[in-house]
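Everything on this sheet refers to the single structure shown next.
Residue numbers (UniProt numbering), protein chains in the order written: chain A, 1 to 219; chain B, 1 to 219.
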């Protein structure tokens, strides 16, 4: 597929998953360039990629001559450059709520359980796979407890995190739920999160962005 | 001071520091309510505070009947509700760049070295103060290396992170530099970051937001 939009992605990256959902919700065609995060020492550390993304993380979105990093910043860019359908509400308080929900995942859950942090607790503290699982589930639980409370207690919550239109908070939440299941976490304490995740799963934009649907997913 | 804006803050919290700078840049009066993160088991865990902020983190901003969490979401709210001076550029690509720089700090440095993560590596891996210092400096270095490259290599960088007006990226960077110094990190490899931090330090809005200037700072 030829496109002006190129997404450097890894099938199982939560952050790339977010951007894939946003691109799909906006109905934008894009070319996927796979960056394998593990094989051969990690494609994110290859010089050509580091020149695009000095953080050596995925995703990176290239829009013609513009190179963009950080998934939530990329989603806001897509929302500002392609207004339909909107991924944030129009009122400032609603936007603050959606961004806060997104940032619970994007700041306070996902980065603490990212691949490089797991590698680091292995290297610095000799954490084994069991210890890594405990670490992961601890931080997901901390974040999900807060999100569940915020979602369950607010009249702003609808079919999705904010009203009846999927947006920035949902496209951060769904990959994190996928990740929680991968780490075999019980989600029984988070019924609102599970309900919203299920509602999102019915949408083609979310389904097509799933890790297993990506061209670089293992067969 | 009486005000409709109430900031729940801790003098040494990087995230609260960001919001204080934004409030000062906007010239907004606000009331500080101190949440002591350590004393008596941590004020962030007290039921009255948890009702405002289910994540049990600072800051929280209350604007009349609106309760807002997550510092970067709060700063965007302030920018949307008080347009002068703007904390983000007007073009989408510039906004994406500033948000990405902010999120390097806000997602990929600060949350991994937050108090609760340090407490966790102590509890789960018996990390002592020396180990905690190694952990902190590792993540700050990872993020600062990327930021330094992005800042030094871009024509968009000016006196501040983006042009000659301080904004969202600067108000995330400065508290992180403060934090790096607290952890006795050498900043020799980051001359652009150090230059921008020094330029910000000359501004009253940044100076008045410094931890030592806060009503809850130790004498």
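For each residue, glycine too, the CB sits at the ideal point set by N, CA and C.
Residue i vs residue j beta-carbon contact at 7 Å
i: residue 22 of chain A; j: residue 78 of chain A; result: yes
i: residue 115 of chain A; j: residue 37 of chain A; result: yes
i: residue 6 of chain B; j: residue 33 of chain B; result: yes
i: residue 106 of chain B; j: residue 68 of chain B; result: no
i: residue 75 of chain B; j: residue 167 of chain B; result: no
i: residue 81 of chain B; j: residue 96 of chain A; result: no
i: residue 208 of chain A; j: residue 24 of chain A; result: yes
i: residue 142 of chain B; j: residue 183 of chain B; result: no
i: residue 134 of chain B; j: residue 112 of chain A; result: no
i: residue 103 of chain A; j: residue 70 of chain B; result: yes
i: residue 45 of chain A; j: residue 56 of chain A; result: yes
i: residue 196 of chain A; j: residue 148 of chain A; result: no
i: residue 8 of chain A; j: residue 50 of chain A; result: no
Alpha-carbon spacing of residue i relative to residue j, whole angstroms
i: residue 84 of chain B; j: residue 19 of chain B; result: 16 Å
i: residue 27 of chain B; j: residue 170 of chain B; result: 17 Å
i: residue 200 of chain A; j: residue 178 of chain A; result: 12 Å
i: residue 109 of chain A; j: residue 90 of chain B; result: 30 Å
i: residue 190 of chain B; j: residue 173 of chain B; result: 12 Å
i: residue 162 of chain A; j: residue 59 of chain B; result: 22 Å
i: residue 139 of chain B; j: residue 125 of chain A; result: 15 Å
i: residue 217 of chain A; j: residue 39 of chain A; result: 13 Å
i: residue 188 of chain A; j: residue 129 of chain A; result: 23 Å
i: residue 118 of chain A; j: residue 4 of chain B; result: 43 Å
i: residue 15 of chain A; j: residue 61 of chain A; result: 12 Å
i: residue 212 of chain A; j: residue 160 of chain A; result: 23 Å
i: residue 175 of chain B; j: residue 186 of chain B; result: 16 Å
i: residue 12 of chain A; j: residue 202 of chain B; result: 44 Å
i: residue 219 of chain A; j: residue 205 of chain B; result: 55 Å
i: residue 154 of chain B; j: residue 87 of chain B; result: 19 Å
i: residue 158 of chain A; j: residue 158 of chain B; result: 43 Å
i: residue 42 of chain A; j: residue 180 of chain A; result: 23 Å
i: residue 10 of chain B; j: residue 164 of chain A; result: 36 Å
i: residue 152 of chain A; j: residue 121 of chain B; result: 31 Å
i: residue 2 of chain A; j: residue 94 of chain B; result: Unreliable placement is indicated for residue 2 of chain A, whose pLDDT of 44 sits below 50; no coordinate value is reported for it.
i: residue 215 of chain A; j: residue 210 of chain B; result: 48 Å
i: residue 132 of chain A; j: residue 198 of chain A; result: 27 Å
i: residue 17 of chain A; j: residue 48 of chain B; result: 36 Å
Closer than 7 Å to chain A by CB, residue i
i: residue 43 of chain B; result: no
i: residue 217 of chain B; result: no
i: residue 107 of chain B; result: yes
i: residue 99 of chain B; result: yes
i: residue 169 of chain B; result: no
i: residue 80 of chain B; result: yes
i: residue 196 of chain B; result: no
i: residue 54 of chain B; result: yes
i: residue 193 of chain B; result: no
i: residue 2 of chain B; result: Confidence at residue 2 of chain B is low in this model, with a pLDDT of 44, below 50, so its placement is unreliable and no value can be given for it.
i: residue 125 of chain B; result: yes
i: residue 103 of chain B; result: yes
i: residue 111 of chain B; result: yes
i: residue 69 of chain B; result: yes
i: residue 92 of chain B; result: yes
Contact with chain B by residue i, beta-carbon distance below 7 Å
i: residue 77 of chain A; result: yes
i: residue 137 of chain A; result: no
i: residue 5 of chain A; result: no
i: residue 66 of chain A; result: yes
i: residue 10 of chain A; result: no
i: residue 146 of chain A; result: yes
i: residue 46 of chain A; result: no
i: residue 140 of chain A; result: no
i: residue 73 of chain A; result: yes
i: residue 19 of chain A; result: no
i: residue 119 of chain A; result: no
i: residue 267 of chain A; result: Past the boundaries of the shown model lies residue 267 of chain A; chain A is included only from 1 to 219, so the question cannot be answered.
i: residue 180 of chain A; result: no
i: residue 96 of chain A; result: yes
Segments assigned alpha helix (DSSP H), at least 4 residues, entirely inside the UniProt domain "GST C-terminal" (91 to 219) of chain B: Runs of the alpha helix (DSSP H) inside the UniProt domain "GST C-terminal" (91 to 219) of chain B: 92 to 108, 115 to 125, 129 to 152, 168 to 182, 191 to 201 and 204 to 207.
Inside the UniProt domain "GST N-terminal" (3 to 86) of chain A only - alpha helix (DSSP H) runs reaching at least 4 residues: 14 to 25, 47 to 52 and 71 to 81
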